[in-house]
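K.L.:
This is the structure I have questions about; it appears just below.
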Amino acid sequence: MAEDALETRGRQVTRSNLARSEQFNGWAFVMPALVLLGIFMVYPILWSLWMSFQVGRGMNFSFGGLANIIRLTQDPVFLRALSNTMLFLAVQVPIMLILALLCASALNDSKLWGRGFFRTAIFLPCVTSLVAYAVVFKSMFAQDGILNQMLMGLNFISGPIPWFSDPFWAKAVIISAITWRWTGYNMIFYLAAMQNIDRSIYEAARIDGVPAWARFWYITVPMLKPVILFTTVISTIGTLQLFDEPNLLTQGGPSDSTLTLSMYIYNLSFRFMPSFGYAATVSYVIVVLVGILSFLQFLAARDRRR
Amino acid sequence: MSSVKLRGVRKSFGSVEVIKGVDLDIDSKEFVVFVGPSGCGKTTLLRMIAGLEGITTGDLEIGDARMNEVDPSKRGIAMVFQSYALYPHMTVRENMGFALRFARVPKDEIARQVEGAARILALEPLLNRFPKELSGGQRQRVAIGRAIVRQPEVFLFDEPLSNLDAELRVHMRIEIARLHKELKTTIVYVTHDQVEAMTLADKIVVLRDGIIEQVGRPLDLYDDPANQFVAGFIGSPKMNFLSAQVKEVGSGGVTIGLVNEGDASLRMPVAPNGTKVGDTVTLGIRPEHFGDAGQGGADLTVAVDVAEHLGSTSYIYANTTSSEQIIIEREESRSEIGMDQVTVSISAEKAFLFDQNGVRLR
Amino acid sequence: MSNPIALLGRTAQYVLLSFAAFISIFPFFWMAVGATNTSPDIVRGKATPGSALLTNIVTFFTSEDLPRVLFNSFFIAGVGTVLTLLVSSLAGYGFEIFRSRVREKVFGGMLLMLSIPFAALMIPLFVMMANLKLINTYQAIILPTVASIFIIFYFRQATKAFPTELRDAARIDGLKEWQIFLHVYMPVMRSTYAAATIIVFMTHWNNYLWPLIVLQTNDMKVLTLVVASLTSAYNPNYGTVMVGAIVATLPTLVIFFLLQRRFVEGMLGAVK
């Protein structure tokens with residue numbers, strides 16, 4: 014009889030205290046973050062999605078359907094900002110990541126003299142305050158500034174380069190500034206990942222007579238693929254949101270040649286007569302671009318793995 | 304010291320059932336070893352006793368109190384983990400006293416308990432070191448010390464020796480056996496190593512796929528395995544299994560013939576238990592139980608593959624005519640050196656017979 | 023090193039690294055030298071120390087209510103960093119240790135939001151802050167950045183290297199889940215926290231766009247805004263701004279050098 018009672022009790026599949034407390038704790042630990050994200054991220058995203066269908070100035074707006082999207086296609090300033098941003102992305106991200114990868118593989122050598130110094134030095138730029146490095150760059154790239162003097166001293170150029178008044182060179186300033194700041198940051202990710210690769214794999218490859226470039230290309234790069242993908246996505250997102258550097262160095266000029274999408278959104282919202290609805294539409298262009306590009310990058314990474 | 308009782312205990316992760324109904328009595332002060340291949344559920348079962356995993360259905364009692372829903376720290380247990388799980392940011396002293404600190408034991412009492420445990424394990428000179436400054440064996444002792452400090456009713460060990468090298472493993476095995484004598488607590492010990500099970504246990508529980516295959520004293524499992532799985536798992540080197548066919552079923556037993564061995568037949572004094580003439584059965588014989596040619600019920604001539612001569616013992620790895628691999632163990636033997644073929648005998652008293660489902664015929 | 027190809031490789035290695043290190047460090051040198059020179063000298067490219075340091079310091083420190091500005095910056099970055107590390111590490115730990123199907127979906131959704139640019143959020147956030155009457159307050163700056171998806175992701179990755187047996191041992195030792203987090207997880211993961219501190223402090227300290235939108239009066243301004251407004255003047259006084267640049271850079275540099283040793287360790291754990 015006692016046995017039977019035990020049997021019946023045993024068969025009731027109840028969730029044990031343990032499972033309940035795991036559930037409770039799981040939510041308790043993530044809740045503060047989720048509440049904050051809900052208020053300061055999810056709600057604004059939905060709000061701006063709704064706003065992107067509104068037209069009007071300031072806080073007076075009305076439903077405009079697709080009016081904002083039509084306006085996008087006819088807005089020369091937007092198209093300029095979009096092409097500038099895409100150009101920054103296409104040129105800057107590959108240069109920076111390749112430089113970072115080269116520096117990391119040069120540093121990943123325990124016999125290297127001055128390794129700690131090099132690592133710290135190359136990482137240092139990303140620790141600087143953004144506004145601080147903006148002023149430094151602005152003064153270095155001045156018409157009679159140190160950079161033009163150096164280049165002329167080395168006979169690379171005959172006259173000073175008009176860094177900030179020529180559209181091409183203004184873009185070059187922005188690209189070199191971002192690259193200067195973020196190469197070391199990406200390098201640290203690569204370096205950390207390289208140090209996780211088992212050293213004996215390289216030793217085996219050396220014994221097999223694999224040359225150094227092939228060890229880099231056929232061992233290091235494939236094993237770093239997840240990190241490379243990660244840094245590519247992060248850098249893409251960062252460059253698409255580019256605001257600080259052009260705003261401080263060139264104010265988008267000359268004649269909008271360094272205007273980015275984020276700057277344009279800022280100008281639409283806070284500089285001109287506020288046009289929140291249209292600004293929200295432009296911001297969704299960035300969301301869509303990030304989505305498409307991240308997806309393509311994941312796809313590319315997966316294809317190469319096959 | 305407490306007993307532990309498991310009644311109809313089951314455990315599912317989602318739709319996968321890993322413990323499929325376990326009933327077990329562990330007596331007070333008993334040293335019980337759970338043994339089985341990896342994935343058999345032995346660690347899960349231990350973690351259920353500890354309270355680290357929930358029990359899906361069934362009942363767990365420790366010291367006659369139902370413990371299913373009791374917090375791990377209030378079950379009167381202490382656990383020694385496979386990785387030792389020492390807190391890396393605390394000294395040995397802090398590691399050992401950590402549980403008492405959270406049980407609001409006064410400081411001087413904690414110090415006294417820690418010193419006491421350290422004395423038992425000869426850890427006194429190491430008390431102010433950090434885990435990373437200790438050797439593997441020392442870490443192991445600290446992990447045991449941390450368990451002792453809590454003065455548990457039941458000690459739980461989860462494969463505690465698997466991270467040690469062979470020599471240290473033997474040393475710690477003896478230390479744990481000594482400790483059990485000294486502390487006289489109930490111990491539940493999980494291992495995949497049948498040698499540890501045989502040497503340490505008062506009682507061995509052999510598990511496979513979440514089911515208990517057999518429970519018994521170490522030598523009882525060796526002498527009298529319930530089925531082919533237990534027979535193969537207990538004993539080193541493993542028991543040899545040879546396919547055989549039933550030739551005759553009589554009142555006094557079953558006569559079998561080994562496959563591809565011509566006339567060689569053996570009369571086993573067992574009840575047929577439904578086995579019919581022509582059925583395929585398995586004959587089990589331990590490497591150490593082969594006799595010299597002509598001395599048993601049936602002779603078997605095998606081709607020598609490799610022979611290892613260790614001095615006191617020789618192991619001969621050989622193939623039968625039907626390409627079944629067997630191991631023969633010989634004491635103080637020199638006669639097989641350099642031979643291509645060996646003839647040994649099998650006697651019915653030393654052999655076991657298993658039916659098609661692996662159940663032993665007795 | 024008898025092999026000529028190996029020698030060549032080694033030389034290339036040093037040339038590359040020396041060049042990269044020079045480019046990386048030169049602007050710091052330039053900043054330090056610039057602080058001692060007058061504005062015309064800087065624009066003229068004078069790379070030797072001058073005698074205007076004292077004048078530049080005095081001009082910078084009297085240009086605004088600087089003690090107030092520094093307090094604002096340190097307060098926002100300090101409180102912001104502590105809150106971000108706490109909230110984000112709690113979440114990263116929670117997502118990794120307590121697995122459930124629903125929370126995995128929530129986490130996946132969060133990762134998707136990682137790609138949402140701040141530009142898309144700033145208008146609604148601004149309107150929200152205006153409605154809550156929080157414009158020009160510390161809360162308005164700190165609150166939106168406390169739950170950082172990137173840092174949550176970072177902590178979750180790092181938690182994969184946290185031995186779960188430590189949590190089991192602590193449970194048997196009688197610790198509640200929050201005590202395990204406080205007394206076991208946090209001290210064991212100090213390297214992870216160190217690396218995160220550098221990144222998080224940097225983002226809070228260097229934050230420019232959001233303060234530019236939300237902070238409006240002089241007494242609430244942060245250092246980035248002051249230095250930026252000095253820089254974007256039509257004819258900036260570079261000597262003065264260089265002093266400002268040094269003041270704005272020093273705290274992050276100090277934190278970096280203090281935590282550097284743990285930083286690489288922490289990154290290592292996160293990339294695994």
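As they're listed, the protein sequences go chains A, B and C. So the first sequence is numbered by this note's numbering: it starts at 14 and just counts up by one. So the second sequence is numbered by this note's numbering: it starts at 304 and just counts up by one. So the third sequence is numbered by this note's numbering: it starts at 23 and just counts up by one. Even glycine gets a Cβ: it sits at the ideal position worked out from N, Cα and C.
#1: Give the straight-line distance between the Cα atoms of residue 183(A) and residue 39(A), rounded to the nearest whole angstrom.
#2: Taking a Cβ distance cut-off of 9 Å, strictly less, list which residues of the region 135-165 of chain C are near chain A, in chain order.
#3: How about residue 501(B) and residue 528(B): are their beta carbons less than 8 Å apart?
#4: Can the beta-carbon of residue 361(B) be found less than 8 Å from the beta-carbon of residue 311(B)?
#5: With 7 Å as the limit, tell me which residues of the region 388-402 of chain B have their beta carbon closer than that to any beta carbon of chain C; keep them in chain order.
#6: Of the choices 649(B), 395(B), 524(B), 345(B), whose alpha-carbon is the least far from that of residue 564(B)?
#7: Could you check the C-alpha separation between residue 156(C) and residue 162(C) for me, to the nearest Å?
#8: Can you name the residues of chain C whose CB is closer than 8 Å to the CB of residue 382(B)?
#9: How long is the line joining the alpha carbons of residue 619(B) and residue 592(B), rounded to whole angstroms?
#10: Could you name the residues of the same chain whose beta carbon sits closer than 8 Å to that of residue 229(A), not counting the 5 residues immediately before and after it, in chain order?
#11: Among 108(C), 56(C), 140(C), whose alpha-carbon lies nearest the alpha-carbon of residue 53(A)?
#12: Of all Cβ atoms in chain B, is any one closer than 8 Å to the Cβ of residue 185(C)?
#13: Three-state secondary structure (DSSP) at residue 365(B)?
#14: Quick one: what's got a C-beta closer than 7 Å to residue 120(A)'s C-beta in the same chain, skipping five residues either side?
#15: Between residue 213(A) and chain C, is there a C-beta pair that is closer than 8 Å?
#16: Measuring straight from C-alpha to C-alpha, what distance separates residue 122(C) and residue 421(B)?
#17: Please state if the CB of residue 472(B) and the CB of residue 459(B) are separated by a distance shorter than 8 Å.
#18: Could you confirm whether any beta carbon from chain C is found closer than 8 Å to the beta carbon of residue 355(B)?
#19: Measure the C-alpha to C-alpha separation of residue 580(B) and residue 572(B) and round it to an integer number of angstroms.
#20: To the nearest angstrom, how far is it from the Cα of residue 293(A) to the Cα of residue 46(A)?
#21: Out of 626(B), 646(B), 552(B), state which residue places its alpha-carbon closest to the alpha-carbon of residue 633(B).
#22: Since residue 288(A) sits in a beta bridge, which residues does DSSP pair it with?
#23: In the region 199-215 of chain C, which residues sit with their C-beta less than 9 Å from some C-beta in chain B, listed in chain order?
#24: Within the region 45-71 of chain C, note down every full alpha helix (DSSP H) run reaching 4 residues or more, in order along the chain.
#25: Please state the DSSP three-state secondary structure of residue 553(B).
#26: To test your reading of the DSSP string, which unbroken alpha helix (DSSP H) runs of 4 or more residues are found completely within the region 80-130 of chain C?
#27: Determine, using beta carbons only, whether residue 587(B) and residue 544(B) come nearer to each other than 8 Å.
#28: For a contact defined as C-beta to C-beta under 7 Å, what are the partners of residue 375(B) on chain C?
#29: Give the DSSP bridge partners of residue 649(B), in chain order.
#30: Just mark residue 307(B) as buried or exposed, buried being the case when its beta carbon has 16 or more other beta carbons within 10 Å.
#31: What number of angstroms, rounded off, separates the C-alpha of residue 511(B) from the C-alpha of residue 462(B)?
#32: What does the alpha-carbon distance come out to for the pair residue 265(A) and residue 155(A)?
#33: Using C-beta distances below 7 Å, list every residue in its chain close to residue 240(A), excluding the 5 sequence neighbours before and after it, in chain order.
#34: With three or more C-beta pairs closer than 8 Å as the rule, is the region 339-346 of chain B touching the region 179-196 of chain C?
#35: Chain B beta carbons: is any one of them nearer than 8 Å to that of residue 197(C)?
#36: What is the DSSP secondary structure of residue 255(A), reduced to helix, strand or coil?
P.N.:
On the basis of the data shown:
#1: Residue 183(A) and residue 39(A): Cα-Cα distance of roughly 51 Å.
#2: Those would be 135, 136, 137, 138, 139, 140, 141, 142, 143, 144, 145, 146, 147, 148, 149, 150, 165, in chain order.
#3: The beta carbons of residue 501(B) and residue 528(B) sit no closer together than 8 Å.
#4: The Cβ-Cβ distance between residue 361(B) and residue 311(B) falls below 8 Å.
#5: Taking 7 Å as the Cβ-Cβ cut-off against chain C, the residues of the region 388-402 of chain B that qualify are 388, 390, 391, 392, 401, 402.
#6: Considering only alpha carbons, the answer is 649(B).
#7: Going by the C-alpha atoms only, they are around 6 Å apart.
#8: Within chain C, the C-beta atoms nearer than 8 Å to that of residue 382(B) come from 190, 191, 194, in chain order.
#9: Cα to Cα, residue 619(B) sits roughly 13 Å from residue 592(B).
#10: The beta carbon of residue 229(A) sits closer than 8 Å to the beta carbons of 118 from its chain, once the five residues preceding and following it are set aside; these are given in chain order.
#11: The alpha carbon of residue 53(A) has as its nearest neighbour, out of 108(C), 56(C), 140(C), the alpha carbon of 140(C).
#12: Judged by the 8 Å Cβ criterion, residue 185(C) is in contact with chain B.
#13: Strand at residue 365(B).
#14: Cβ within range, chain order: 128, 131, 132, 204.
#15: The beta carbon of residue 213(A) sits no closer than 8 Å to any beta carbon of chain C.
#16: Roughly 41 Å between the two C-alpha positions.
#17: No. Outside cutoff.
#18: Yes, residue 355(B) lies at the interface with chain C (some Cβ there is under 8 Å from its Cβ).
#19: Cα to Cα, residue 580(B) sits roughly 15 Å from residue 572(B).
#20: So the two alpha carbons sit approximately 25 Å from each other.
#21: With distances taken between CA atoms, residue 633(B) lies nearest to 646(B) out of 626(B), 646(B), 552(B).
#22: Its beta-bridge partners do not exist; DSSP assigns none.
#23: Answer in chain order: 201, 205, 206, 209, 210, 212.
#24: 61-65, all fully within the region 45-71 of chain C.
#25: Correct three-state label for residue 553(B): strand.
#26: Entirely contained in the region 80-130 of chain C, the alpha helix (DSSP H) runs reaching 4 residues are, in chain order, 88-119.
#27: Yes. Within cutoff.
#28: Within chain C, the residues 193, 194 have their CB atoms less than 7 Å from the CB of residue 375(B), given in chain order.
#29: Its beta-bridge partners are 601(B).
#30: With 16 or more Cβ atoms within 10 Å of its Cβ, residue 307(B) is classed as buried.
#31: Computed Cα separation, rounded: 17 Å.
#32: Across the structure, residue 265(A) and residue 155(A) are spaced so that their CA atoms are roughly 17 Å apart.
#33: Within the same chain, residue 240(A) has close Cβ partners 202, 203, 206.
#34: No contact exists between the region 179-196 of chain C and the region 339-346 of chain B.
#35: Yes, because at least one Cβ of chain B sits closer than 8 Å to the Cβ of residue 197(C).
#36: Here residue 255(A) sits in coil by DSSP.
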